[in-house]
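Below is one structure, written out as structure tokens; comments come after it.
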Amino acid sequence: MRVVVLISGRGSNMEALLRAGLPVEFAAVISNKAEAKGLAVARELGVETAVVNHKDYPSREAYDAKLAEVIDGYGADLVCLAGFMRILSDGFVNRYAGRMINIHPSLLPAFTGLDTHARAIAAGVKLHGCTVHYVTPELDAGPIVVQAAVPVLEDDTPDSLGARVLEQEHRIYPLAVRWIAEGRVELSADGRARVRSNAPAANAL
Ligand code: GAR
Numbered sequence: 000m001r002v003v004v005l006i007s008g009r010g011s012n013m014e015a016l017l018r019a020g021l022p023v024e025f026a027a028v029i030s031n032k033a034e035a036k037g038l039a040v041a042r043e044l045g046v047e048t049a050v051v052n053h054k055d056y057p058s059r060e061a062y063d064a065k066l067a068e069v070i071d072g073y074g075a076d077l078v079c080l081a082g083f084m085r086i087l088s089d090g091f092v093n094r095y096a097g098r099m100i101n102i103h104p105s106l107l108p109a110f111t112g113l114d115t116h117a118r119a120i121a122a123g124v125k126l127h128g129c130t131v132h133y134v135t136p137e138l139d140a141g142p143i144v145v146q147a148a149v150p151v152l153e154d155d156t157p158d159s160l161g162a163r164v165l166e167q168e169h170r171i172y173p174l175a176v177r178w179i180a181e182g183r184v185e186l187s188a189d190g191r192a193r194v195r196s197n198a199p200a201a202n203a204l
């Protein structure tokens, strides 16, 4: 399975994917920003990189069309959004239906969008976390593959809580890609993702 990872910045989730020893081929890491720190990390790890700068395109549709052309040029079977901070057009999302996943720093469906850690603290929730989900046109609302929860502590700041969540992001994103590569994730008609156990079927014993 050929995987393309899209980033906009630091790329720590991308790095976690690249270092996880997954049974996939990372075809490329693409950023919408030339200064994204993660690009150098990807190159150090021997993965090809590309920049498609949104400022070079007159409209979201024009940008997304170019981005799709570059992604398809790498023969991507799976697209992983890893801190790719752009809203994607419906056309782009539909083109990669069932082939594009995202990591989001909250327990969806709670706290879609930005500033999730500050909002979780402000809401007084006692559990927070992260979610890997398939991307659908509605923001942060696609079928959930895996989640991890962390406690919200009395003296947490957005940074301290965010660091606790990020540790879990680095754990569950590679897990989700592994399950998909193993063919264990099924998207059902009811809009949910089911993960099959990898235990041998009883009749195979
Ligand atoms: C991660 O926390 C990721 O969950 C979040 O951006 C950060 C990127 O960090 N993504 C979103 O908020 C998407 N809406 P990274 O570049 O170090 O992986």
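Counting from 0, one number per residue, gives the positions in the sequence shown under numbering that gives the first Met the number 0.
No residue lacks a Cβ here, since even glycine has one placed at the ideal position from N, Cα and C.
Residues in its own chain within less than 6 Å of residue i by CB, not counting five upstream and five downstream?
{"i": "G182", "result": "none"}
{"i": "C129", "result": "P104, A147, V164, Q167 and E168"}
{"i": "V50", "result": "S30 and A33"}
Taking the DSSP output, what are the residues bridged to residue i?
{"i": "H127", "result": "V149"}
{"i": "S30", "result": "I6 and V50"}
Any heavy atom of the ligand GAR closer than 6 Å to the beta-carbon of residue i?
{"i": "I86", "result": "no"}
{"i": "A162", "result": "no"}
{"i": "F12", "result": "It should be pointed out that residue 12 corresponds to Asn in this sequence rather than to Phe. N12 Cβ: within cutoff of the ligand GAR."}
{"i": "I29", "result": "no"}
{"i": "A81", "result": "yes"}
{"i": "G8", "result": "yes"}
{"i": "P173", "result": "no"}
{"i": "I70", "result": "no"}
{"i": "I120", "result": "no"}
{"i": "I102", "result": "yes"}
With a CB to CB cut of under 8 Å and the five nearest residues on each side skipped, what residues in its chain are close to residue i?
{"i": "D76", "result": "M0, R1, V2 and R98"}
{"i": "G177", "result": "It is worth fixing the name first, because residue 177 is Arg in this sequence and not Gly. So the qualifying residues of the chain are A19, L21 and P22."}
{"i": "N52", "result": "N31, K32 and A33"}
{"i": "G112", "result": "L138 and D139"}
CB-CB under 7 Å to residue i, same chain, minus the five flanking residues each way: which ones, in chain order?
{"i": "V151", "result": "A119, I120, V124, K125, L126, H127 and L160"}
{"i": "T115", "result": "P104 and S105"}
{"i": "N12", "result": "A81, G82, I102, E168, H169 and Y172"}
{"i": "P142", "result": "H132, Y133, L186, G190, R191 and A192"}
{"i": "I6", "result": "M13, V28, S30, A35, G37, A81, G82 and F83"}
Alpha carbon to alpha carbon, how far is residue j from residue i? Give it in angstroms, no decimals.
{"i": "P22", "j": "V184", "result": "15 Å"}
{"i": "E166", "j": "A64", "result": "34 Å"}
{"i": "L66", "j": "L87", "result": "10 Å"}
{"i": "T48", "j": "D189", "result": "36 Å"}
{"i": "V145", "j": "V131", "result": "5 Å"}
{"i": "E153", "j": "V46", "result": "41 Å"}
{"i": "V206", "j": "V78", "result": "Here the chain covers residues 0 to 204 and nothing more, so residue 206 does not appear."}
{"i": "G82", "j": "R170", "result": "15 Å"}
{"i": "E24", "j": "V4", "result": "11 Å"}
{"i": "A15", "j": "A162", "result": "15 Å"}
{"i": "R191", "j": "G90", "result": "21 Å"}
{"i": "A122", "j": "A109", "result": "11 Å"}
{"i": "G8", "j": "L17", "result": "16 Å"}
{"i": "A39", "j": "A26", "result": "15 Å"}
Please report the residue range of the alpha helix (DSSP H) in which residue i lies.
{"i": "R177", "result": "P157 to A180"}
{"i": "V40", "result": "G37 to E43"}
At what residues does the beta strand (DSSP E) containing residue i begin and finish?
{"i": "R193", "result": "A192 to V194"}
{"i": "N101", "result": "M99 to H103"}
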